[in-house]
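Below: the structure, in structure tokens.
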Amino acid sequence: MNLKVLLLLPALLLAAACTRTTNNQQYTTAMIISDHAQEQSINALIELHGDDARERIERGVRQVADMWRDEDGDEAAFRNFCESQFIADAEQLDVTFERFEHNLMLIGGYMRELRRDLSIPLQLDTGPIADIDYQFGQFAPAAHISNDLFTSKLAFVALLNFPLSTLEERLEKGDEWTRRQWAETRLAQGFGTRIPSEINQELSAAYTTADNYINSYNIHMHQVVGRDGKRLFPEGLKLISHWGLRDELKAQYDKEGGLMRQNLIYRIMERIIKQEIPTDVIDNPEVDWHIAKNIVVPAGESPEDKEAASREQDTRYAMWLKIFNAQRKADAYHPDNPTHIDRRFNEDREILESDVEKLFVSILSSPLMRDIADLIGDRLGRDLEPFDIWYTGFRSKPPMTEEELDRIVAKKYPTVEAFEKAIPGILGKLGFPRDKANFLASKISVDAARGAGHAMGAGRLVDNARLRTRVPETGMNYKGYNIAIHELGHNVEQVMSFQMMDHTLLRGVPNTAFTEGFAFVFQSRDLELLGLDVSDPNAEALNTLDVIWSTYEIAGVALVDMRVWRWLYAHPEATPEQLREAVLSIARDVWNEFYAIPFDIKDQPILCIYSHMIDGGMYTPDYPLGHIIAYQVEQYLKDKDLAAEMERMCTLGNLSPALWMQRAVGSEISTQPMLDAAAEAYQRLRMP
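With our numbering, you'll find the sequence shown wraps up at 807, consecutive numbering, no jumps.
Quick look at the structure:
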């Protein structure tokens with residue numbers, strides 16, 4: 120998972136100046152500058168600098184007027200500012216641009232590093248968490264920076280001299296822009312809204328609270344007792360929801376008794392999403408949970424004559440609502456994108472929501488999914504269960520069990536330091552030249568995470584990207600290694616698209632889906648990187664079906680997430696209980712629409728188990744987008760130099776997604792390559 124979810128509040132969060140009514144709530148900012156005052160400034164500047172500068176002058180003055188508030192001064196102050204701060208001289212404009220680029224990198228970078236350091240007790244396995252750690256985790260040191268940049272008039276200097284652009288302009292004209300023009304529009308975008316610091320602080324607190332809740336949501340599996348009194352899992356096994364539970368379920372395919380354990384995990388998942396899980400079993404190794412009767416007793420005690428335990432009181436959905444309500448307060452300050460849904464797609468992803476949904480539905484509704492489901496049933500020798508959305512049987516089988524893989528990984532990487540030291544060699548195996556591998560590794564630090572793992576890009580050029588994954592005292596296990604290789608893909612992209620970039624304002628790739636794409640490319644090669652022989656004549660066909668089945672699964676999750684956010688905006692006063700019922704209903708509806716026929720099972724709610732629905736603010740669509748993009752990228756990279764091509768792609772920078780794809784792989788974002796290859800792969804594997 121990319122840490123963008125935890126850093127949704129960049130240093131430059133800003134907002135529009137006017138009075139608006141949004142979602143039946145009225146927010147008063149300030150309506151200030153008259154058309155007459157704007158025309159006066161425009162005419163004065165044209166008289167001073169000539170008609171050749173008219174277009175820049177008109178655009179800049181109106182951009183400043185849109186953001187001007189009472190506290191910024193009266194109309195005379197506005198005119199004085201515009202007439203004194205407009206830069207006509209090309210050399211001076213270059214210097215101003217360079218100063219903005221460098222200094223904003225420093226400001227944002229220092230804030231990111233400070234936020235990272237303050238969150239260390241919550242995010243890293245450094246010992247017990249103190250109550251005060253949660254308070255520092257909710258503190259947003261950058262919350263006032265946007266206001267300070269406006270108060271100091273720095274934001275207005277940028278708006279007066281550099282162009283804002285709409286999504287439509289970027290899509291229509293971006294192909295003709297120079298690198299400098301793209302950097303200028305990203306500079307101005309940073310000041311395209313003006314949000315009060317108290318709302319920034321509330322957003323930060325909402326995301327941090329939800330993230331802490333998710334990071335502590337562990338189930339001690341040995342303490343879960345089945346209907347017959349048996350314990351199905353080894354002592355000490357602690358699984359975080361949803362990642363750990365899902366991955367353990369995946370690991371049970373082909374194991375003796377695996378189906379029984381899979382069914383137990385699935386029942387736990389259902390209890391979590393229905394909020395029927397007892398509060399006392401969450402992250403608590405001191406009790407036994409007799410799941411059939413939902414009875415909780417001190418570890419080792421008999422459940423006889425005990426009453427069913429009290430359930431968690433819709434905390435899961437209260438966390439979701441907390442984020443929704445915080446985002447809703449920011450809505451009025453985004454006149455062009457007045458909902459979080461709009462901002463997620465139009466600002467963060469820069470792909471229209473309708474286009475993203477079409478991509479997902481093209482996979483979900485393909486008749487091919489019924490064929491693949493039938494093939495899975497044949498391979499399993501049984502009817503499909505709902506949890507077979509996580510079927511792993513298309514993956515080329517490693518030459519050993521997961522327990523053996525755990526031993527290999529633990530010996531190879533007993534500590535995070537050992538994995539960090541091995542990064543140059545890992546990159547070398549992926550084809551990176553020694554000097555490039557050493558440089559990339561020198562810019563990546565590895566930490567032991569409390570949660571499932573994430574990647575955090577550097578804030579300043581002198582800082583390192585951070586790779587976080589779980590490493591038990593017994594050494595890294597295969598799951599932690601697999602996550603680490605995924606996050607390493609993120610980190611390499613983060614270093615390349617920042618440290619090797621011509622403009623730091625263009626750092627990164629277009630949106631999180633693209634960095635997920637590179638992470639999936641790395642993750643798919645994890646066994647090869649361990650030196651294991653995974654040669655298989657059907658490997659490519661198997662991999663293709665594995666990718667499309669994974670995309671099929673997560674596209675449904677994303678669609679549930681998207682529909683729930685639409686429901687929230689239609690029901691802004693919803694309670695946690697009402698949200699719970701809506702989420703379950705939407706999850707069942709999506710299941711019935713796209714999964715009921717292939718699985719021959721109706722009314723399953725499992726698509727809403729994903730934790731990122733709770734703490735990610737509609738992050739999950741980035742996963743299927745990542746699969747789709749990764750497949751196109753990986754197909755393009757076949758028989759090419761991964762290191763050279765990845766560097767070329769990453770240093771394209773933060774262009775619009777459509778333009779990035781055209782320049783990176785020569786085609787638009789499309790599911791057709793995956794669907795065509797999957798149809799061919801299905802036929803190959805169906806042949807006797």
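Even for Gly, the Cβ is constructed at its ideal location relative to N, Cα and C.
Identity of the residues DSSP links to residue i by a beta bridge
i, result
"V343", "W408"
"V416", "D407"
"V565", "L586"
"L243", "A568"
"M575", "R585"
"P397", "R430"
"N280", "DSSP lists no partner for N280."
Limits of the unbroken alpha helix (DSSP H) element including residue i
i, result
"R357", "A small correction: the amino acid at residue 357 is Lys; Arg does not occupy that position in the sequence shown. Careful: K357 lies outside any alpha helix (DSSP H), inside the beta strand (DSSP E) at 357-359."
"A329", "316-334"
"M615", "597-618"
"H155", "154-168"
"V640", "631-642"
"A370", "362-370"
"D250", "250-257"
"R526", "521-531"
"T663", "658-689"
"H731", "731-734"
Contact under 8 Å by Cβ, residue i with residue j
i, j, result
"H573", "E606", "yes"
"F633", "W439", "no"
"T458", "Y729", "no"
"D330", "Q394", "no"
"D189", "I151", "yes"
"L483", "P629", "no"
"L661", "S786", "no"
"G608", "A577", "no"
"A209", "A172", "no"
"Y253", "R579", "no"
"T304", "S284", "yes"
"E828", "F479", "The shown model of the chain, from 120 to 807, leaves out residue 828, and the question about it has no answer."
"P552", "A762", "yes"
"L286", "F310", "no"
"L651", "P517", "yes"
"L164", "F205", "yes"
"A492", "P717", "yes"
"R302", "L771", "This sequence places Ala at residue 302; Arg is not what is there. Going by C-beta atoms, A302 is not nearer than 8 Å to L771."
"V640", "V752", "yes"
"G636", "I788", "no"
Neighbourhood of residue i by C-beta, 7 Å cutoff - its chain only, sequence neighbours within 5 removed
i, result
"H263", "S316"
"D490", "Y801"
"D399", "V406, V415, A428"
"R350", "H341, V344"
"T663", "A796, A797, A800"
Residue from the options whose Cα sits closest to the Cα of residue i
i, options, result
"K441", "S160, L368, P518, A324", "A324"
"P505", "R386, A445, K548, I333", "R386"
"Y436", "E787, R767, D734", "D734"
"P792", "S203, I161, F255, Y755", "Y755"
"Q242", "L233, R231, G256, K555", "G256"
"N280", "L499, C201, E420, M732", "C201"
"D655", "K721, L804, F639, D554", "L804"
"I93", "F219, G599, P740", "Here the chain has residues from 120 to 807 only, and residue 93 is not among them."
"P695", "N444, A411, L306", "N444"
"A584", "Y597, L559, K598, E647", "L559"
"L378", "N199, R501, Y714, Q159", "R501"
"E389", "H361, G636, E592, K477", "H361"
"R526", "D554, P591, D213", "P591"
"A658", "Y600, K531, G512", "G512"
"E469", "V653, L290, E522, I176", "L290"
Own chain partners of residue i with C-beta closer than 6 Å, once the 5 adjacent residues on each side are dropped
i, result
"D244", "A567, R569"
"N337", "K357, I359, D402"
"W686", "A701"
"Q320", "A259, A262"
"I508", "E672"
"N143", "A caution first: N143 carries a pLDDT of 34, below 50, which makes its placement in the model too unreliable to give a value."
"L233", "P260"
"K721", "N711, A715"
"M488", "Y671, P717"
"P422", "H409, I414, V416"
"A184", "I152, Q157"
Interface flag, residue i vs chain B, CB-CB below 8 Å
i, result
"L559", "In summary, chain B is missing from the structure at hand, where a single protein chain is found."
Contacts around residue i, its chain only, beta-carbon distance under 8 Å, and the 5 residues preceding and following it disregarded
i, result
"K548", "E647, L648"
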